[in-house]
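Student: In full-length UniProt numbering, the protein residues as written are 1 to 319.
Ideal placement from N, C-alpha and C gives every residue a C-beta, glycine not left out.
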Amino acid sequence: MATVTGESVGIDLGTTYSCVGVWQNDRVEIIANDQGNRTTPSYVSFNDTERLIGDAAKAQASMNATNTVFDAKRLIGRKFADSGVQSDMKHWPFKVRPGPGGSPLIEVNYKGETKQFKAEEISSMVLGKMKEIAEAYLGKEVKNAVVTVPAYFNDSQRQATKDAGSIAGLNVQRIINEPTAAAIAYGLDKKGSEKNVLIFDLGGGTFDVSLLTIDDGVFEVKATAGDTHLGGEDFDNRLVDYFLQDFKRRHRKDMTQNERALRRLRTACERAKRTLSNATQAHIEIDSLFEGIDFNSTITRARFEDLCMDYFKKCMDPV
1 MATVTGESVG
11 IDLGTTYSCV
21 GVWQNDRVEI
31 IANDQGNRTT
41 PSYVSFNDTE
51 RLIGDAAKAQ
61 ASMNATNTVF
71 DAKRLIGRKF
81 ADSGVQSDMK
91 HWPFKVRPGP
101 GGSPLIEVNY
111 KGETKQFKAE
121 EISSMVLGKM
131 KEIAEAYLGK
141 EVKNAVVTVP
151 AYFNDSQRQA
161 TKDAGSIAGL
171 NVQRIINEPT
181 AAAIAYGLDK
191 KGSEKNVLIF
201 DLGGGTFDVS
211 LLTIDDGVFE
221 VKATAGDTHL
231 GGEDFDNRLV
241 DYFLQDFKRR
251 HRKDMTQNER
261 ALRRLRTACE
271 RAKRTLSNAT
281 QAHIEIDSLF
291 EGIDFNSTIT
301 RARFEDLCMD
311 YFKKCMDPV
């Protein structure tokens, strides 16, 4: 194995958000981006003049919905014909086309031209952004990285993630499972005697349950289960569908083909979902959502739980 020179960073490449950390002063320092946030949206946006990545891309998603790409992790290492890909495409404002060998290609307009990108190319742009964030903080070039993936990712998805790192100019030293990374982050490897630990990791787009035995800093994975296609985004989709029906019932109008309205509704749904974590109801208020109509609605936590109950049960099945 080649010797590693220079600084190494750890990157959590998430479906919805990503973050980067470095080992400093005997601890991991999670590095803030130029907006002061420790997590960066896994979004890439293309327009007539430039390519935006992270917060800037997500901020203008509603104005440029068809050219703002997210959820690349749900495409990476998969085939266009995959049932999960076909299901997701109904919720994405950007176009996905079948490419060579049945792989999906993301189609956008960039600088006045139609361009097609593989999922790993989009992921490489996000990884490149995380590399930049680390370099700005450290004041030197970063070449080496450890990247996390869901424990349930198959070989094709792992290799595609590694390829994304290479495209971003990173030497990916290792791909490690997210539950193992979580156990290390919580210092569970430092707690003395042998023990069994259950890690329940429900992210934006993927879900993992891992049972680990930790003894004297050594991790042994006893069992792993999960769903590479279940996460917070699916809860958002249920809320979006619920409010679309609510809007249609009240105003006799169907806005499912209006990408800007859908993007604004999705942003409001994501906010409402977070509100329901500590409140029993959430209010949605969007000015001039569709054809000049203001939209106001409320959802209770009980109704939200009812809408997503099949997903919640799905989360408990592997446990």
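Name the DSSP beta bridge partners of ARG51, please?
Tutor: For ARG51, which the question treats as bridged, DSSP gives the partners PHE46.
Student: Quick one: give me the first and last residue of the beta strand (DSSP E) that ASN258 is part of.
Tutor: Careful: ASN258 lies outside any beta strand (DSSP E) and carries neither H nor E.
Student: Thinking LYS73 and SER45 are a contact (beta carbons under 8 Å), I'd like their distance in whole angstroms, please.
Tutor: Incorrect: roughly 17 Å between the Cβ atoms, too far for contact.
Student: What separation, rounded to the nearest whole angstrom, lies between the Cα atoms of ARG303 and ASP246?
Tutor: Going by the C-alpha atoms only, they are around 13 Å apart.
Student: Can you tell which of LYS58, ILE31, ILE122, GLU178 has its C-alpha closest to the C-alpha of ALA160?
Tutor: Of the listed residues, the one whose Cα sits closest to ALA160 is ILE122.
Student: In its own chain, which residues sit with a C-beta less than 7 Å from the C-beta of ASP216, not counting the 5 before and 5 after it?
Tutor: There are no such residues.
Student: Who pairs with PHE94 in a beta bridge, going by DSSP?
Tutor: DSSP, once it has assigned bridges, lists no residue as partnering PHE94.
Student: With a threshold of 8 Å (Cβ to nearest heavy atom), would GLY204 be considered close to the ligand FMN?
Tutor: What this structure holds is no ligand at all, so the ligand FMN is not there to describe.
Student: Please state whether DSSP places ASN296 in a helix, a strand or coil.
Tutor: In this structure, ASN296 counts as strand in the three-state DSSP scheme.
Student: At the level of alpha carbons, what is the spacing between PHE80 and SER193?
Tutor: Whole-angstrom Cα-Cα distance: 47 Å.
Student: Around the C-beta of ASN296, are 16 or more other C-beta atoms found within 10 angstroms, so that it is buried, or is it exposed?
Tutor: Its Cβ having fewer than 16 others within 10 Å, ASN296 is exposed.
Student: Report the residue from LEU138, GLU50, ILE175, GLY203 whose alpha carbon sits nearest the alpha carbon of residue 320.
Tutor: In the structure as shown, the chain begins at 1 and stops at 319. Residue 320 is therefore absent and cannot be evaluated.
Student: Which value, in whole angstroms, describes the spacing of the CA atoms of PHE207 and TYR242?
Tutor: Roughly 23 Å between the two C-alpha positions.
Student: For my contact list, residue 326 and ALA151 are in at a C-beta cut-off of 8 Å; report their separation, rounded to the angstrom.
Tutor: Because the chain spans 1 through 319 in this model, residue 326 falls outside it and cannot be assessed.
Student: Note down, in chain order, each residue of its chain lying with its Cβ closer than 8 Å to the Cβ of MET316, except the 5 sequence neighbours on either side.
Tutor: Excluding sequence neighbours, MET316 sits near nothing in its chain.
Student: For GLN173, does the three-state DSSP call read helix, strand or coil?
Tutor: DSSP places GLN173 in strand when its eight states are reduced to three.
Student: DSSP three-state label for TYR186, please.
Tutor: It is coil, neither helix nor strand.
Student: Can you tell me whether DSSP reads ASP155 as helix, strand or coil?
Tutor: Looking at ASP155 - three-state DSSP - the assignment turns out to be helix.
Student: Could you check the C-alpha separation between GLU305 and PHE235 for me, to the nearest Å?
Tutor: Rounded to whole angstroms, GLU305 to PHE235 spans 9 Å at the Cα level.
Student: Taking only three categories from DSSP, how would you classify ASP317?
Tutor: Reduced to three states, the DSSP call for ASP317 is coil.
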